[in-house]
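Reading through the structure tokens given below for one structure.
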Amino acid sequence: MDSKRKRFTVDDDDRISELPEDVLQNILSFLPTKQVFQSTLLSTRWKHVWTTFPVLKFDKTSVLWSSEKKNDPEVKLKRRNFYKFLNKCLRLRSRQSRRPHIKHFTLEVSLQNHKSKSLVDRWIRFMVKSNVEELIFFFGGSRIRYPLPYSVLVAKSLTVLTLHYLKLDSIRGDINLPSLKRLSLLGVYADNQIIQNLIFGCPMIEDMGISCCEGIKCLKIFGLPKVMKILVQNNHLDRLELEASNLHDLCINEGRLSELNLLPLRNLRKLNISTPIVTEKWLDHNLSGLPLLENLELVFCYMLERIKLSSHHHLKSLGLMRCQNLVEVMIDSSKLCRLSYSGNTAISFSLNASGLLDAEYTMWSSYGPWDAAKIEFLSKMGNSKVFKLSIIVIQDVIIPKELRETLPSPLYNVKHLKLSIPPPLTRYKIKELLDGLLWISPLPDMLVIESCRESDHDFDKVAFEFSYRKPIYKEENPSCCKFLPFPCWRHCLKTVKIESLKGHVDRAILYKYFSENAKSLENFQFHVGGIA
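Just so we're aligned, residue -18 is where the sequence shown starts under the working numbering, counting upward by one.
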């Protein structure tokens, strides 16, 4: 029996080894680099496949690069073994008569001394000579910033370059990356001139991100005819100038800007901006130069006091998030289909958007607890088909009973209501949540309660699906409907279907709640799982 089993294994291995090289490389693409390297022990065939495999990813682990544990003997041993492993991988490839092409190389290391720097220099030289197309470098975990070799910035084969926590201050000479399409800089140290040279040296760039970089005070982006997406955030810039005729997506988050010049961006579709530069005058001037803008999000624009949007704008989505000094919002647009708001509700707010499909209000503790002003504000967004209420603080989850008894339901036309609250859902009484939500929207088709997705572990969700029949009144003027133009769910609920992601809500409590409050209930269903 053992000999048969062994013979079967060998035959099976032989059959796999006889597969075409591109198929074997596809198999390797699903494995971590270390396991890919270990496959070379199976046979000479696998060894050959490995030496031509075009993707190399050497990712860090937190214990390996932690600066707090850098002198730990076990960590030092792991680091030495990692260096040996990577050197062996590259040595195996360098022995080939024809240097294999490398499509992708990821390297995450932390420089501990000059010796480790020279090793990285050697690895990068190998990649550049192998005509690498995609480079991702992450040099975190220590105070030493790796100086990027000049050879990388004249690598004609590069299409993707991602640089995290290194420096470009020693670069001398022209930068020429004629094939580069995607550039990402995070925590990079560079001065104004080097960044400008880098931008000018990437004429084919399509996607560019510059985040949390140091040493840059003025940034000018122009001469990039193919760029479609730009992200600039947390670089402590004083001045930003931008001209890009084909740009579609722009995100600017710079809290210290004193000057922002956006030359007409005729093809811009999406603008996300967070900077004190934005005022009513600035918006009026710049929106006129954005004829195709569909998505506008303004975040922490504390100098903005008024915003007025009319139907001549093409906006389909608008977000006003924590612009704390807003006193007036006027929106008159049949094209607007999505609106998000977080901020002070005691403002002049006028909304005429017949095409509104989705609306969202995020409630922060800094704007106070539930009051009549907030309820009235919700009512002004009540023509949307779907409404999401996001609450950040636990104490604000339940709407006080005295407000529900003295004010009309603000969203009585909303058919799909979603509540997002801090996890876990088990901390709340489900009956109190339902009382509040079914008062906000008294005749919904769908009701969803979910925890904020802080992590997959915390996430939970309960969905309610309702159907109704012709209302049946037991009394002439029910107190629950006194402010409504139609009867609430209590008088016409026919079926309720509940799906609980993790099953933490009590089925018996829910059945009792609906059967006692809806006398016409005919069918109750409760399922666990099936939603995400």
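Ideal Cβ placement from N, Cα and C applies to all residues, glycine included.
Rounded to the nearest angstrom, what separates residue i and residue j at their Cα positions?
i: Lys493; j: Gly236; result: 52 Å
i: Leu428; j: Ile479; result: 10 Å
i: Thr517; j: Glu222; result: With the chain covering only -18 through 513, there is no way to say anything about residue 517.
i: Ser164; j: Phe63; result: Here the sequence assigns Leu to residue 164, which means Ser is not the residue at that position. Each residue's alpha carbon lies about 28 Å from the other.
i: Gly510; j: Lys137; result: 51 Å
i: Ile312; j: Ser291; result: 6 Å
i: Asn515; j: Thr87; result: Because the chain in this structure spans residues -18 to 513, residue 515 falls outside the shown range and cannot be described.
i: Asp352; j: Gly270; result: 40 Å
i: Cys462; j: Ile421; result: 12 Å
i: Asn504; j: Leu491; result: 13 Å
i: Lys98; j: Lys399; result: 52 Å
i: Asn234; j: Leu167; result: 14 Å
i: Ser323; j: Leu116; result: 39 Å
i: Thr387; j: Ser460; result: 11 Å
i: Ile373; j: Gln177; result: 41 Å
i: Asn267; j: Leu161; result: 30 Å
i: Leu502; j: Lys361; result: 32 Å
i: Leu58; j: Lys65; result: 11 Å
i: Ser401; j: Leu179; result: 43 Å
i: Met108; j: Asp102; result: 10 Å
i: Ile83; j: Val378; result: 53 Å
i: Tyr306; j: Asp265; result: The displayed chain sequence assigns Asn, not Tyr, to residue 306. Their Cα atoms are separated by approximately 18 Å.
i: Leu149; j: Ile197; result: 11 Å
i: Val208; j: Asp188; result: 6 Å
i: Val310; j: Lys110; result: 58 Å
i: Gly515; j: Pro404; result: No information on residue 515 is available, as it lies outside the stretch -18 to 513 that the chain covers here.
i: Lys251; j: Asn364; result: 24 Å
i: Thr476; j: Thr407; result: 25 Å
i: Pro272; j: His294; result: 7 Å
I'd like to confirm the pairing. Which residues does DSSP put opposite residue i in its beta bridges?
i: Met311; result: Lys289 and Ser331
i: Thr476; result: Ser448 and Asn504
i: Tyr342; result: Tyr322 and Leu370
i: Met302; result: Val280 and Ser323
i: Leu167; result: His145 and Ser192
i: Arg471; result: None, per the DSSP bridge assignment.
i: Leu515; result: There is no way to answer for residue 515, as the model of the chain reaches only from -18 to 513.
i: Val509; result: Ser481
Determine the DSSP secondary structure at residue i, reduced to helix, strand or coil.
i: Met189; result: strand
i: Leu268; result: helix
i: Cys199; result: strand
i: Glu357; result: helix
i: Gln93; result: coil
i: Met427; result: strand
i: Asp230; result: strand
i: Thr407; result: helix
i: Ser401; result: strand
i: Ile490; result: helix
i: Val101; result: helix
i: Ser432; result: strand
i: Arg220; result: strand
i: Phe119; result: strand
i: Ser255; result: strand
i: Leu337; result: coil
i: Ser151; result: coil
i: Lys442; result: strand
i: Leu67; result: helix
i: Ser390; result: coil
Ends of the beta strand (DSSP E) at residue i?
i: Gly417; result: Note, Gly417: premise wrong, no beta strand (DSSP E); alpha helix (DSSP H) at Ile411 to Ile421.
i: Leu277; result: Asn276 to Val280
i: Leu241; result: Glu240 to Leu243
i: Lys210; result: Lys210 to Gln214
i: Val36; result: Val36 to Phe39
Note the first and the last residue of the continuous alpha helix (DSSP H) segment covering residue i.
i: Arg126; result: Element bounds for Arg126: n/a, residue is neither H nor E.
i: Lys382; result: Lys382 to Thr387
i: Ile176; result: Asn173 to Phe181
Quick check on residue i: buried or exposed, where buried means 16 or more other Cβ atoms within 10 Å of its Cβ?
i: Asn68; result: exposed
i: Ser496; result: exposed
i: Phe368; result: buried
i: Asn216; result: buried
i: Asn242; result: exposed
i: His508; result: exposed
i: His382; result: The sequence given here places Lys at residue 382; His does not occur at that position. It counts as exposed.
i: His531; result: Summary: the structure shown does not reach residue 531, with the chain confined to residues -18 through 513, and so no result is reported for it.
i: Ala489; result: exposed
i: Ser347; result: exposed
i: Asn94; result: exposed
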